[in-house]
Amino acid sequence: MAAAILETREVSKRFGGIKALAGVTLSLHPGELLGLIGPNGAGKSTFFNVVAGVYRADSGTVRFRDRDIGSLPPHARCQLGLARTFQLTKPFFSLSVLENVTLGAYYGRKGDGVTLADARAAADEVLHVVGLSAKRDHLASTLTAGERKRLELARALATKPSVLLLDEVIAGLSSGEVGSMMEIIRSLPSTGVGILMVEHVMRAVMAISDRIVVFHQGRVLATDTPAAIANDPEVVSAYLGSSGSAAARSASA
Ligand code: ADP
Ligand code: MG
123 MAAAILETRE
133 VSKRFGGIKA
143 LAGVTLSLHP
153 GELLGLIGPN
163 GAGKSTFFNV
173 VAGVYRADSG
183 TVRFRDRDIG
193 SLPPHARCQL
203 GLARTFQLTK
213 PFFSLSVLEN
223 VTLGAYYGRK
233 GDGVTLADAR
243 AAADEVLHVV
253 GLSAKRDHLA
263 STLTAGERKR
273 LELARALATK
283 PSVLLLDEVI
293 AGLSSGEVGS
303 MMEIIRSLPS
313 TGVGILMVEH
323 VMRAVMAISD
333 RIVVFHQGRV
343 LATDTPAAIA
353 NDPEVVSAYL
363 GSSGSAAARS
373 ASA
């Protein structure tokens, strides 16, 4: 397998007396879709934020393309090619869909000497990828919840990331929207981007991930294929129960 594009080693993070992360080691490869699951309080969001640069780990390392990025602020990580989505999407409502994505492309990679024309071209390209081309000139305020999630994804993609961190992009969508979002996400790794996806919707994450990492009490409980995870007795008893097995059966069907 190709070298990891993102790698954490023994990452720990404490909030007062709470050990949110207790030595997390994992790696993400180019073109891989890695699903991160685990019960509430397992440390998923904390890990996501440590990788994105919102929090600094107390100890351990975060390496991105063979560079230690653990002390870089979020915008510097974004400029290197590490993009993220936000759970609560916050577009500029008074701007058009195209303008929103153009801003993402322009400011996300400003250090690269991206011109506004480059940014606009990148924006048009990713609007096509997320199926929003028909809405390009509409105000962001007129989008449905599902379209807003796709806009958020387009803003992240417009920075041409080599790693994309997805924070519950499926949560809160209608079942029809879940299907199209899953198809879009599943298509992205073919461009070479590595995706780390934190998701509660088990059926979705099991169906589209190449590998699943299960967090439990700030640690990695297991890392394996969706089918193997769903049949891991330790994972099932700690977290999945019967609904997880059902999701895995439908994932491997
Ligand atoms: P998950 O996203 O898997 O539900 P979190 O990473 O949000 O888990 O939380 C892990 C643990 O860290 C929990 O016990 C949570 O209460 C605690 N925690 C998370 N963020 C903070 C914070 N900013 N301040 C204090 N405690 C926090
Ligand atoms: Mg969380």
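Under this note's numbering, the first residue of the sequence shown carries the number 123, and numbering increases by one thereafter.
We put the CB at the ideal spot given by N, CA and C, even for glycine.
Note that the structure is predicted; figures quoted are calculated from it, not measured.
DSSP three-state assignment for residue i, whether helix, strand or coil
i      : result
ARG277 : helix
ALA368 : Unreliable placement is indicated for ALA368, whose pLDDT of 48 sits below 50; no coordinate value is reported for it.
SER374 : In this predicted model, SER374 has a pLDDT of only 45, less than 50, meaning its place in the structure is not dependable enough to derive any value.
HIS197 : helix
SER216 : coil
ILE351 : helix
GLU129 : strand
ARG258 : coil
LEU77  : Missing from the structure shown is residue 77; the chain here goes from 123 to 375 and no further.
THR211 : coil
ASP332 : coil
LEU295 : coil
The ligand MG heavy atom lying under 6 Å from the CB of residue i
i      : result
LYS104 : With the chain running from 123 to 375 in the structure shown, residue 104 is simply not present.
Heavy atom of the ligand ADP within 6 Å of residue i beta-carbon
i      : result
GLY163 : yes
ALA142 : yes
Residue-chain proximity (residue i, chain D), Cβ-Cβ < 7 Å
i      : result
THR207 : The chain inventory of the structure shown lacks chain D, comprising one protein chain alone.
Sequence-distant residues of its chain with Cβ nearer than 8 Å to residue i (five each side left out)
i      : result
PRO152 : ALA124, ILE127, SER284, GLY314, VAL315 and GLY316
LEU202 : PHE186, ARG187, ARG189, ILE191 and LEU194
Paired residues, beta bridge with residue i - DSSP
i      : result
SER181 : SER134
SER189 : Contrary to the premise, residue 189 reads as Arg rather than Ser in this sequence. Its beta-bridge partners are PHE186.
ALA205 : LEU286
ASP234 : DSSP, once it has assigned bridges, lists no residue as partnering ASP234.
ARG341 : HIS338
VAL146 : VAL133
VAL320 : LEU158 and ASP289
LYS271 : In DSSP, LYS271 forms no bridge with anything.
LYS141 : ARG136
Cutoff 7 Å; reference residue i; Cβ partners in own chain excluding five residues on either side
i      : result
LYS135 : ALA142, LEU143, THR168, VAL172, TYR177, ALA179 and ASP180
ALA375 : Low local confidence applies: a pLDDT of 40 at ALA375 is under 50, so the model's placement there is unreliable, with the coordinate-based value given in what follows. Excluding residues within five positions, none has a Cβ falling inside 7 Å.
LEU148 : THR130, VAL335, VAL342 and THR345
ASN222 : PRO213, PHE214, ALA262, LEU273 and ARG277
PRO196 : ALA174, GLY175 and VAL176
VAL114 : No answer is possible for residue 114: it lies beyond the span of the chain, which begins at 123 and ends at 375.
Beta-carbon contacts of residue i that lie in its chain and below 6 Å, excluding the five residues immediately before and after
i      : result
GLY165 : ALA142, LEU143, PHE337 and GLY340
ALA368 : Reliability of the predicted coordinates at ALA368 is poor, the pLDDT of 48 falling under 50, and no value is obtained from them.
Hey, which residues come within less than 6 Å of the ligand MG, measuring from Cβ to any heavy atom, in chain order?
-> Qualifying residues come out as LYS166 and SER167.
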